[in-house]
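Participant: Residues in the sequence shown are numbered from 1 upward in steps of one, following full-length UniProt numbering.
The C-beta atom is built at its ideal place from N, Cα and C for all residues, glycine as well.
Predicted model, so just to flag it, every value in this text is computed and none were measured.
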Amino acid sequence: MLNEKMVQALNNQVNEEFYSAYLYLSMAAYFENIGLKGFANWMRIQAMEERDHAMKIFEYLARQGAKIKLVTINEPPQDFGGIKEIFEEVLKHEQHITSKINELVDLAESLKDRATFNFLQWFVDEQVEEEENANDILSQLELIGDNKNALFMLDKELAQRVYTP
Ligand code: OFO
């Protein structure tokens, strides 16, 4: 049986992950509007992965017989400064999520909750990948600068991303 503090923190993380999905879906909508379909595809898949993160925690709480409480998902921004700014925002957001995951790990450790500690290791690894992905695209955008052709090439590349549940 999970400690009440752990249940609350995990429920909070479900909300964080659904917000992440909502944020990236809003970014997908932005890219659709400006005609960058590859970027929109990347963001749409990112949003689906975030929903999966939320569901992973949801299922864990369910398996532990803990009380699941779904609360309001905040409204994400709709206007973004530009393409590079969006990926700066993605990186910032993922760094925030990494810190939330680290807090959960710390809590599991302090409660000697081995099951949750083990469960969270998947998220620890995932966050390394999430920050790496955001960083990679950001570096490419920095190189691209104002070069429209290079931007369309990157859009084509991001169109290749497929959803792997
Ligand atoms: Fe983007 O990793 Fe979950 O939130």
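Measuring alpha carbon to alpha carbon, tell me which residue in A40, F119, L70 is nearest F152.
Facilitator: The residue with the shortest Cα to Cα distance from F152 is A40.
Participant: Given a cut-off of 8 Å on the beta-carbon distance, is the pair A134 and E85 in contact?
Facilitator: Going by C-beta atoms, A134 is not nearer than 8 Å to E85.
Participant: Within 10 Å of its beta-carbon, does M1 have 16 or more other beta-carbons around it, so buried, or fewer, so exposed?
Facilitator: It is exposed - the Cβ of M1 has fewer than 16 other Cβ atoms within 10 Å.
Participant: Please identify the residue among N102, L138, E129 whose C-alpha is closest to the C-alpha of N118.
Facilitator: Closest option to N118, Cα to Cα, is N102.
Participant: Per the contact definition of three or more C-beta pairs closer than 8 Å, is the segment 10-30 in contact with the segment 46-58?
Facilitator: A contact exists between the segment 46-58 and the segment 10-30.
Participant: Given the structure, does I45 come close to the ligand OFO, in the sense that its CB is under 7 Å from one of the ligand's heavy atoms?
Facilitator: False, no ligand heavy atom lies under 7 Å from that Cβ.
Participant: When every heavy atom of the ligand NAP is checked, does at least one fall within less than 7 Å of the C-beta of I57?
Facilitator: In terms of ligand content, the structure shown lacks the ligand NAP and carries the ligand OFO instead.
Participant: Going by Cα to Cα distance, which pick from E59, L154, P165 is closest to G38?
Facilitator: Taking only the C-alpha atoms, the option nearest G38 is L154.
Participant: Taking the straight line between their C-alpha atoms, what separation do you get for E50 and K5?
Facilitator: Those two C-alpha atoms are separated by around 23 Å.
Participant: With burial defined as no fewer than 16 other Cβ atoms inside 10 Å of the residue's Cβ, what is the status of N33: buried or exposed?
Facilitator: By the neighbour-count rule (16 or more Cβ atoms within 10 Å), N33 is not buried but exposed.
Participant: Counting pairs of Cβ atoms below 8 Å between the segment 65-80 and the segment 106-123, do you hit three or more?
Facilitator: Because the criterion of three Cβ pairs below 8 Å is not met, the segment 65-80 and the segment 106-123 do not touch.
Participant: Can you find the residues in the same chain that come closer than 6 Å, C-beta to C-beta, to A9, ignoring five residues on each side of it along the sequence?
Facilitator: Only L104, L107 meet the Cβ criterion.
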